[in-house]
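Colleague: When the count follows this note's numbering, it moves up by one through the sequence shown with no breaks and lands on 540 for the last residue.
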Amino acid sequence: MSNAFYSVPTAVNEPIKSYAPGSPERIALLSVYKEMYAQKPIDIPMYIGSEKVRTSQKIAMAPPHDHKHVIGHFNRGDTGHVEKAIQSALEAKDAWSSLPWEHRASIFMKAAELLAGPFRDRMNAATMLAQSKNVMQAEIDAACEMIDFFRFNVYLMQEMYSNQPDSQPGIWNRMEYRPLEGFVFAISPFNFTSIAANLPAVAAMMGNTCVWKPSETQMYSAQVIMDLFHAAGLPEGVINLISVEGPVAGDVIFKHKEFAALHFTGSTSVFQQLWKKIGNNMEHYRVYPRIVGETGGKDFIMVHKSSDAAEVATALSRGSFEFQGQKCSAASRGYVPNNIWTEVKSILVEQVSSFKMGSPEDNTNFINAVIDERAFDKISAYITYCNDHKDAEIIVGGEFDKSQGYFISPTVVVTTDPKFRTMSEEIFGPVLTIYVYEADAFEETLDILDETSEYALTGSILSQDRYAIALATKKLENAAGNFYINDKCTGAVVGQQPFGGARGSGTNDKAGAAMNLLRWVQARTIKETFVPATDYPYPFLQK
Ligand code: NAD
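1. Compute the distance between the beta-carbons of I466 and I458, then report whether it is under 8 Å.
2. Say the cut is 7 Å; is the CB of I184 nearer than that to a heavy atom of the ligand NAD?
3. Would the beta-carbon of Q270 be found less than 7 Å away from any heavy atom of the ligand NAD?
4. For the alpha helix (DSSP H) that K524 lies in, which residues bound it at each end?
5. Excluding sequence positions up to five away, which residues of its chain have a Cβ less than 7 Å from the Cβ of I392?
6. Taking only the alpha-carbon atoms, compute the straight-line gap between S502 and A194 and give it to the nearest angstrom.
7. Taking C325 as the reference, give the member of R73, W272, K65 and N479 with the closest Cα.
8. Out of K37, A86 and L26, which has the shortest C-alpha to C-alpha gap to M125?
9. Between which residues of its own chain and Q155 is the CB-CB distance below 6 Å, once the five residues before and five after are set aside?
10. In the structure shown, what three-state DSSP assignment does A477 receive?
11. Note down, one range per segment and in chain order, each alpha helix (DSSP H) of at least 4 residues found wholly within the stretch 300 to 378.
12. Closer than 7 Å: is that where the CB of E142 sits relative to any heavy atom of the ligand FAD?
13. Excluding the 5 residues flanking F147 on each side, which residues of the same chain have their C-beta closer than 6 Å to its C-beta?
14. Would you check if the distance between the CB atom of F261 and the CB atom of I184 is smaller than 8 Å?
15. Please state whether the Cβ-Cβ distance between F419 and T430 is less than 8 Å.
16. Report yes or no: do three or more beta-carbon pairs, one from the stretch 251 to 270 and one from the stretch 168 to 185, lie closer than 8 Å?
17. Are the stretch 427 to 443 and the stretch 321 to 336 touching by the rule of at least three beta carbon pairs closer than 8 Å?
18. Kindly identify the DSSP beta-bridge partner or partners of A499.
19. Since P176 sits in a beta bridge, which residues does DSSP pair it with?
20. Does the separation of the CB atoms of Y16 and E136 fall below 8 Å?
21. Mind pulling the alpha helix (DSSP H) runs of 4 or more residues that sit fully within the stretch 221 to 278?
22. Note down, in chain order, each residue of its chain lying with its Cβ closer than 6 Å to the Cβ of E390, except the 5 sequence neighbours on either side.
23. For D437, does the three-state DSSP call read helix, strand or coil?
24. I83: which of A372, G247, V208 and E280 sits nearest, CA to CA?
25. Just tell me which of V181, V221, T311 and K14 has its CA closest to the CA of G247.
26. In or out: A378 buried (at least 16 other Cβ within 10 Å) or exposed?
27. Can you name the residues that DSSP bridges to G69?
28. Can you tell me which of P60, G456 and N160 puts its alpha carbon nearest to the alpha carbon of S317?
29. Hey, would you say the C-beta of E370 is under 7 Å away from at least one heavy atom of the ligand NAD?
30. Just to confirm my understanding: we take N277, look at its own chain, exclude 5 residues before and 5 after, and list those with CB closer than 7 Å. What are they?
31. Can you tell me the Cβ-Cβ gap for V50 and M43, rounded? I've got them flagged as a contact below 8 Å.
32. Which of helix, strand or coil does DSSP assign to D296?
33. Kindly indicate which three-state DSSP category L459 falls into: helix, strand or coil?
34. Should E423 be listed as close to the ligand NAD, given that the test is whether its C-beta is under 7 Å from any heavy atom?
35. Would you tell me roughly how many angstroms separate the C-alpha atoms of G167 and P529, rounded to the nearest one?
36. Mapping the DSSP letters down to three states, classify L429 as helix, strand or coil.
Now the structure itself:
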């Protein structure tokens, strides 16, 4: 039995490796990538309790930048597998939730160290290969952000447990932070390997057991995540990975009495459907389920007339096109004043035209492929829409080709209509739309920006004028959960810029922050009285 109050090491962000030419990390990572590309196709099972489950429904996986090259299969399951996964999570619950917290902390601290060391290349290479991220995009996501999630969440867990109520003389008040009753369902998106790992991991860290359904286009790195968890000592059954179609899994899970919480990241429309399903099934549940969702965005860069043109162009080009615009935080609408537009346009077009596009295996490629054919068709349809519309002009990009991989050139559209379709709808690809406004209409343009989309995830104000910065910060206070001043609107770092949006962008529970951890516990207050009363009359009852 432990008889001490332990403290975990202070969390620090994992340093980002440079992968400069000739560096040992570049040589090592590219060699693992090539090995994974060329190896015999792998067969990824579902992980249910102690079983690795395979089915007759094999779904092929291929790199988005090279879609005829099969790198493996995953096994699609059915409702029976969902039921087994729930059963397994429930069976694992007692032992896991009774394990002293320092052991849960150790497992995730160990996972962070394994990922910083022996697992780093494999996790990064899997993300490059199957999600088409370049070296740097893989490194900041699959290695650094995932490590940061584990380290910071462990630290925050300890802080939460040490947060105790005051006591008056003669009594002792205490607070326990118990895991939720039942199991947690984690549903993750394709675009961040770190988010995929964090959704089930943070709930498990707080003593819950989970059913995890990754995106089908992230299954390749999902297997590396399961290997990492097991190498770190996570007991079987704590996180059960199922590869079952979303609606099939949802039909079983959202009717289950022991369903305790949904931890979701993905599109707004899917999240809204799931919320409705949960609402319609309320009478089935033992508890009111927690619903935590980070969803879509229509992220903006608002530019004031005092801004420097090169800073504006660079914020737009980096903020919009890294990882092909498939970051939930990617800038996809810009508001640029007409006094600097000619200069901004010239630098922006020059920068975007110089981007190299191709496989992540070639480190000089800044842009890779979009995730799959469905995304390619959807994004290219938006480009065609812009081409067909008199209110829009494509000033760079606009080409797309899926013969070898799902490649879409980074595209900048200029519109004369601030409410144009591509100024308000999430495209989730390399398409940026810019509205050029009258330089003196800054305040009115802030109002237009605020009203134009249903989302409120990220946004930036670029300005050299402090009054303009203050005005934008106030007027746009509900337009973004992550607001940047003189920076692009992407690149949030765990522990520094807690991430999440409001309005249609989610419940804003800030992944990697204390607010998020609180969603996975239910507190029990305990009051102990040392010398209890022995008779009922209070003094006021006396004559
Ligand atoms: P998606 O909504 O298509 O899928 C997300 C997950 O939901 C996948 O695992 C999918 O299989 C599952 N799903 C789909 N329909 C379902 C259903 N009916 N029942 C149960 N599960 C279902 O999203 P995506 O294409 O994987 O990811 C891109 C989206 O995610 C974008 O909208 C992006 O903005 C958002 N995103 C948001 C954040 C954030 O922090 N706000 C982070 C990453 C991604």
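We treat Cβ as the ideally placed atom computed from N, Cα and C, and that holds for glycine.
Modeller: Let's see:
1. Walking along the sequence shown from the start, residue 466 turns up at place 469. Walking along the sequence shown from the start, residue 458 turns up at place 461. Yes, Cβ-Cβ distance for I466 and I458 is below 8 Å.
2. Looking up residue 184 in the sequence shown gives position 187. Yes, since a heavy atom of the ligand NAD falls inside the 7 Å radius drawn around the Cβ of I184.
3. Here residue 270 corresponds to residue number 273 of the sequence shown, with the count starting at 1. Yes; taking the cut-off as 7 Å, the Cβ of Q270 has a heavy atom of the ligand NAD nearer than that.
4. Taking the sequence shown and counting its residues from 1, one reaches residue 524 at position 527. No alpha helix (DSSP H) holds K524; the beta strand (DSSP E) holding it covers V518 to T526.
5. Taking the first residue of the sequence shown as position 1, residue 392 is located at position 395. Contacts found: K342, V346, V409 and V411.
6. Your numbering for residue 502 matches position 505 in the sequence shown. Your numbering for residue 194 matches position 197 in the sequence shown. S502 and A194: Cα-Cα distance of roughly 20 Å.
7. Taking the sequence shown and counting its residues from 1, one reaches residue 325 at position 328. Among R73, W272, K65 and N479, the Cα nearest to that of C325 belongs to N479.
8. Locating residue 125 in the sequence shown gives position 128, counting from the first residue. Among K37, A86 and L26, the Cα nearest to that of M125 is on L26.
9. Reading the sequence shown from its first residue, position 158 is the one you call residue 155. Result list for Q155: V5, in chain order.
10. Numbered from 1 along the sequence shown, position 480 holds the residue referred to as residue 477. A477: coil per DSSP, three-state reduction.
11. 306 to 318 and 338 to 351
12. Absence of the ligand FAD is noted for the structure shown, with the ligand NAD being the only ligands found.
13. Locating residue 147 in the sequence shown gives position 150, where the first residue counts as 1. These residues qualify, in order along the chain: F105, A108 and A109.
14. Counted from its first residue, the sequence shown places residue 261 at position 264. Counted from its first residue, the sequence shown places residue 184 at position 187. Yes, the pair counts as a contact, with Cβ atoms nearer than the cut-off.
15. For this step, residue 419 is matched to residue 422 along the sequence shown. For this step, residue 430 is matched to residue 433 along the sequence shown. Looking at the sequence itself, residue 419 is Thr, so the reference to Phe does not match. Closer than 8 Å, so yes.
16. yes
17. yes
18. If you number the sequence shown from 1, residue 499 lands on position 502. DSSP output for A499 lists A453 as bridge partner(s).
19. Counting from one through the sequence shown, the residue named residue 176 turns up at place 179. Answer by DSSP bridge pairing, in chain order: V518.
20. Stepping through the sequence shown from its first residue, residue 16 is reached at position 19. Stepping through the sequence shown from its first residue, residue 136 is reached at position 139. Yes, Cβ-Cβ distance for Y16 and E136 is below 8 Å.
21. 243 to 250 and 265 to 277
22. Within the sequence shown, numbered from 1, the residue matching residue 390 stands at position 393. Only V411 meet the Cβ criterion.
23. By one-based count along the sequence shown, residue 437 stands at place 440. D437 falls in the coil class under three-state DSSP.
24. Your numbering for residue 83 matches position 86 in the sequence shown. Nearest option by C-alpha distance: V208.
25. By one-based count along the sequence shown, residue 247 stands at place 250. For G247, the nearest C-alpha among the options comes from V181.
26. Position 381 of the sequence shown, counted from the start, is the residue given in the question as residue 378. It counts as exposed.
27. For the purposes of this step, residue 69 is taken as the residue at position 72 of the sequence shown. Per DSSP, I39 and M58.
28. Within the sequence shown, the letter at position 320 stands for residue 317. Answer by Cα proximity: G456.
29. Counting from one through the sequence shown, the residue named residue 370 turns up at place 373. Flag unset: Cβ of E370 not near the ligand NAD.
30. In the sequence shown, counting from the first residue as 1, residue 277 sits at position 280. Excluding residues within five positions, none has a Cβ falling inside 7 Å.
31. Along the sequence shown, read from residue 1 onward, the residue named residue 50 stands at position 53. Along the sequence shown, read from residue 1 onward, the residue named residue 43 stands at position 46. The Cβ separation is near 4 Å, so the contact holds.
32. Position 299 of the sequence shown, counted from the first residue, corresponds to residue 296. In this structure, D296 counts as strand in the three-state DSSP scheme.
33. If you number the sequence shown from 1, residue 459 lands on position 462. Correct three-state label for L459: strand.
34. On the sequence shown, residue 423 is found 426 positions in, with the first residue counted as 1. Yes, the Cβ of E423 comes within 7 Å of a heavy atom of the ligand NAD.
35. As a first step, residue 167 must be located in the sequence shown, where it is residue number 170. As a first step, residue 529 must be located in the sequence shown, where it is residue number 532. So the alpha carbons of these two residues sit roughly 9 Å apart.
36. Locating residue 429 in the sequence shown gives position 432, where the first residue counts as 1. Reduced to three states, the DSSP call for L429 is strand.
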